[in-house]
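In this note's numbering, the protein residues as written are 130 to 685.
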Ligand code: FAD
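Written as structure tokens, this is what we have:
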């Protein structure tokens, strides 16, 4: 019997085991989703260009590939089935790695069955851990994980999961103990770089002819949002490109990744982040690859936690290979050995991938469908227009939204402590914020935005954190250089010109006192709430109301 391997647009890896046993391959480029909402032009270009490159690569490797461009999966299957019927034989048998989106596997199985075929769903190899691994760790629970009111029936702690996965995979382990003796070096990963520090250059993957063609078609065919020029588009769209991006991160970005991981620097959207999420989420990189590569780099170039200070060295530590040399294999004349990798950098990176990424994927699986609409604080304001047009005097917000508009990317702390923190204390609807992230980011998929935005960022449910990631302007001030150049005064909470984060933050705590006072680690915050007198609260309320009004009118 012939078996066709059907791969989705986020499963673009030619080395998958699921391809080995298949007779041929089906790829359906379905466009309908992008007609319904204004996605970032770079996101659509990235996904469709990567699919088309993948088609060509599979054919070069000798696979028989059917590539259908159509509106919906249903129509794509009609076309595929008609072609099969014309060639005679029984209804096709398809095999698909279980999609990451909630309910998609069953929906697609239904579409195939309606047309007289069969669809076998197999584990998704593009995650390191399986649903069975999760169940073994988390146990089985009865009933929905998240209730109608958003409150979680059971909660999970990422740190425990992370340690479990370290033990199971042996990553950065030494005879049953964590390398270096500690599981987590996050306390070393909260520094800001000194003035004048230059992060490594962003690896630039010049769009080729196929990407240019795809982009021109995207801009003509869809209503898009954000930067619609290709000038700033530098994402890898092939597996080779993704591997080069990984090598480049490991040699240049990794040494400073830990120390400056939480920092925000004006005019520097990328800092020392890996920029690998778009490639990992498309399947171009298997998540094991970056983790193992970082582990290897630590074995070869490792030094003690905190044992390398990037501020004392040039842009990329020792390495100075120039962008022009990148991609054609030529060595830069100036190129020197890459900088050392302190343990806090290696551990910090590994934690993001096997800790956070795998963790949110399983929480999503277990907590859907309730997770998507969870809103335990009952927040329902429309997202302020500044999220769409970037037009605000708040320096931190305009930088972060600007990065999303320009690149379809903002790094983790901008996402968490600016973009979702502001929406949280402002009182925005978590589902609308989730949609905004989903449309605007090149690495966004429902399985990854929903836990990050609805649970972590908006505290719509407490399933993955016991307290909200809410803060006043002082956090932004500590972790960035924005406040010094901002017309709003971070030192003031009330009155015209005070930092909008401050009054919103206190007002948010007061408004949500019933829900939050008793929750984990909020005691200190509520002792400050209790310390404010009535007159102070009146001014806070007044300023918060004014800020909300200005934000809603697009005048903040
Ligand atoms: P790095 O800082 O270099 O981190 C390395 C890798 O760790 C990332 O590539 C990613 O694969 C993984 N990672 C780290 N944290 C997370 C996390 N919380 N969840 C999943 N993976 C993680 N990540 C996405 O991939 N897509 C999203 O749409 C997305 N939306 C987010 C929205 C909010 C509100 C928040 C708080 C986080 C979101 N994240 C998302 C997680 C994280 O911010 C991004 O993975 C990261 O910023 C991607 O950039 P990078 O590759 O340079 O990451």
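Cβ atoms here follow ideal geometry from the backbone N, Cα and C, with glycine treated the same way.
This structure is a prediction, so every number in the text was calculated from the model and none was measured.
* Rank 323, 534, 591 and 599 by C-alpha distance to the C-alpha of residue 557 and give the top, closest one. => Against the chain shown, residue 557 aligns to sequence position 428. Considering only alpha carbons, the answer is 599.
* To do: Give a yes or no on whether the C-beta atoms belonging to residue 603 and residue 649 are separated by under 7 angstroms.
  => Start at 1 with the first residue of the chain shown, and residue 603 comes out as number 474. Start at 1 with the first residue of the chain shown, and residue 649 comes out as number 520. Result no, Cβ atoms of residue 603 and residue 649 do not sit closer than 7 angstroms.
* Asked: residue 656: which of 172, 408, 638 and 296 sits nearest, CA to CA?
  -> Counting from one through the chain shown, the residue named residue 656 turns up at place 527. It is 638 whose Cα lies nearest to the Cα of residue 656.
* Verify the contact flag: residue 485, CB atom, against every heavy atom of the ligand FAD, threshold strictly below 6 angstroms. => As a position in the chain shown, residue 485 is number 356, starting the count at 1. Yes, the beta carbon of residue 485 sits closer than 6 angstroms to at least one heavy atom of the ligand FAD.
* To do: Indicate the three-state DSSP secondary structure (helix, strand or coil) for residue 528 in the structure shown.
  => Counting from one through the chain shown, the residue named residue 528 turns up at place 399. Note: residue 528 maps to helix in three-state DSSP.
* Cα-Cα separation between residue 472 and residue 563, rounded to whole angstroms -> Start at 1 with the first residue of the chain shown, and residue 472 comes out as number 343. Start at 1 with the first residue of the chain shown, and residue 563 comes out as number 434. Going from the Cα of residue 472 to the Cα of residue 563 covers about 34 angstroms.
* Please report how far the alpha carbon of residue 547 lies from the alpha carbon of residue 605, in whole angstroms. => Here residue 547 is taken as the residue at index 418 of the chain shown, counted from 1. Here residue 605 is taken as the residue at index 476 of the chain shown, counted from 1. Cα to Cα, residue 547 sits roughly 8 angstroms from residue 605.
* To do: Please state whether DSSP places residue 393 in a helix, a strand or coil.
  => Numbered from 1 along the chain shown, position 264 holds the residue referred to as residue 393. Residue 393: strand per DSSP, three-state reduction.
* To do: Select from 578, 672 and 482 the residue whose C-alpha is nearest the C-alpha of residue 632.
  => Position 503 of the chain shown, counting from 1, holds the residue named residue 632. Residue 672 is the option with its Cα nearest to residue 632.
* To do: Could you pull the start and end residues of the beta strand (DSSP E) that residue 281 belongs to?
  => Indexing the chain shown from 1 puts residue 281 at position 152. Element bounds for residue 281: n/a, residue is neither H nor E.
* Going by beta carbon distance, what residues of the same chain come within less than 6 angstroms of residue 364, once the five residues before and after it are set aside? -> By 1-based counting over the chain shown, the position of residue 364 is 235. Closer than 6 angstroms at the Cβ level, and outside the excluded window around residue 364, lie 175 and 407.
* With 16 other Cβ atoms within 10 Å as the buried cut-off, status of residue 172 -> By 1-based counting over the chain shown, the position of residue 172 is 43. Classification of residue 172: buried, given that the 10 Å Cβ count is 16 or more.
* **Same chain only: Cβ atoms within 6 angstroms of residue 588, ignoring 5 sequence neighbours per side** => Looking up residue 588 in the chain shown gives position 459. Contacts found: 597.
* Asked: Which partner residues of residue 302 appear in the DSSP bridge assignment?
  -> Numbered from 1 along the chain shown, position 173 holds the residue referred to as residue 302. Its beta-bridge partners are 307.
* Asked: So who's on the other strand from residue 354, going by DSSP bridges?
  -> Counting from one through the chain shown, the residue named residue 354 turns up at place 225. DSSP output for residue 354 lists 169 as bridge partner(s).
* Look up residue 199 in the DSSP assignment and give the residues it is bridged to. => Indexing the chain shown from 1 puts residue 199 at position 70. Looking at the DSSP assignment, residue 199 forms a beta bridge with 159.
* Spatial neighbours of residue 439 within its chain, please: CB distance less than 8 angstroms, with the 5 preceding and 5 following residues excluded, ordered by chain position. => Here residue 439 corresponds to residue number 310 of the chain shown, with the count starting at 1. The residues are 322, 326, 384, 385, 388, 389, 401, 446 and 468.
* 7 angstroms Cβ cutoff met for residue 590 and residue 584 -> Position 461 of the chain shown, counted from the first residue, corresponds to residue 590. Position 455 of the chain shown, counted from the first residue, corresponds to residue 584. Taking 7 angstroms as the Cβ cut-off, residue 590 and residue 584 qualify as a contacting pair.
* Determine the direct distance from the alpha carbon of residue 295 to that of residue 257, and round the result to whole angstroms. => For the purposes of this step, residue 257 is taken as the residue at position 128 of the chain shown. For the purposes of this step, residue 295 is taken as the residue at position 166 of the chain shown. Their backbone Cα atoms lie some 12 angstroms apart in a straight line.
* Under the rule that 16 or more other beta-carbon atoms within 10 Å means buried, what is residue 433, buried or exposed? -> As a position in the chain shown, residue 433 is number 304, starting the count at 1. By the neighbour-count rule (16 or more Cβ atoms within 10 Å), residue 433 is not buried but exposed.
* Using the beta-carbon count (16 or more within 10 Å), is residue 499 buried or exposed? -> To locate residue 499, count along the chain shown from 1; it is residue 370. Under this definition residue 499 is a buried residue.
* Specify the secondary structure class of residue 447 as computed by DSSP and reduced to three states. => Numbered from 1 along the chain shown, position 318 holds the residue referred to as residue 447. Residue confidence for residue 447 is low, a pLDDT of 43 falling below 50, so the modelled location carries little weight and cannot support an answer.
* **Per-residue DSSP class, three states only, for residue 460** => Taking the chain shown and counting its residues from 1, the one referred to as residue 460 is at position 331. Summary for residue 460: the model assigns pLDDT 43, below 50, so the residue's position carries little reliability, and this model does not support an answer.
* State the Cα-Cα distance for the pair residue 219 and residue 132, rounded to the nearest angstrom. => As a position in the chain shown, residue 219 is number 90, starting the count at 1. As a position in the chain shown, residue 132 is number 3, starting the count at 1. Answer to the nearest angstrom: the Cα atoms are 11 angstroms apart.
* Backbone CA spacing between residue 541 and residue 391 [nearest angstrom] -> Within the chain shown, numbered from 1, the residue matching residue 541 stands at position 412. Within the chain shown, numbered from 1, the residue matching residue 391 stands at position 262. About 8 angstroms.
* Taking 6 angstroms as the cut-off, does the CB of residue 566 come closer than this to any heavy atom belonging to the ligand FAD? -> Working through the chain shown from its first residue, we reach residue 566 at position 437. Residue 566 Cβ: within cutoff of the ligand FAD.
* To do: Determine the direct distance from the alpha carbon of residue 559 to that of residue 509, and round the result to whole angstroms.
  => Within the chain shown, numbered from 1, the residue matching residue 509 stands at position 380. Within the chain shown, numbered from 1, the residue matching residue 559 stands at position 430. Whole-angstrom Cα-Cα distance: 8 angstroms.
* Asked: With residue 130 and residue 192 assumed to form a contact (beta carbons below 8 angstroms), what rounded beta-carbon distance in angstroms separates them?
  -> If you number the chain shown from 1, residue 130 lands on position 1. If you number the chain shown from 1, residue 192 lands on position 63. Not confirmed; about 18 angstroms, so no contact.
* Provide the residue(s) that pair with residue 136 in DSSP beta bridges, ordered along the chain. => The sequence position of residue 136 within the chain shown is 7, counting from 1. In the DSSP output, where bridge partners are listed per residue, residue 136 has 156.
* Counting pairs of beta carbons, one from the stretch 145-152 and one from the stretch 222-233, are three or more of them closer than 8 angstroms? -> yes
* Which residue's Cα is closest to the Cα of residue 184: 334, 141 and 667? -> Within the chain shown, residue 184 is the residue found at index 55, counting from 1. Per the Cα distances, 141.
* Asked: In whole angstroms, what separates the C-alpha of residue 492 from that of residue 574?
  -> Walking along the chain shown from the start, residue 492 turns up at place 363. Walking along the chain shown from the start, residue 574 turns up at place 445. One C-alpha to the other measures close to 15 angstroms.
* To do: Would you list the residues sitting across from residue 248 in a DSSP beta bridge?
  => If you number the chain shown from 1, residue 248 lands on position 119. Answer by DSSP bridge pairing, in chain order: 223.
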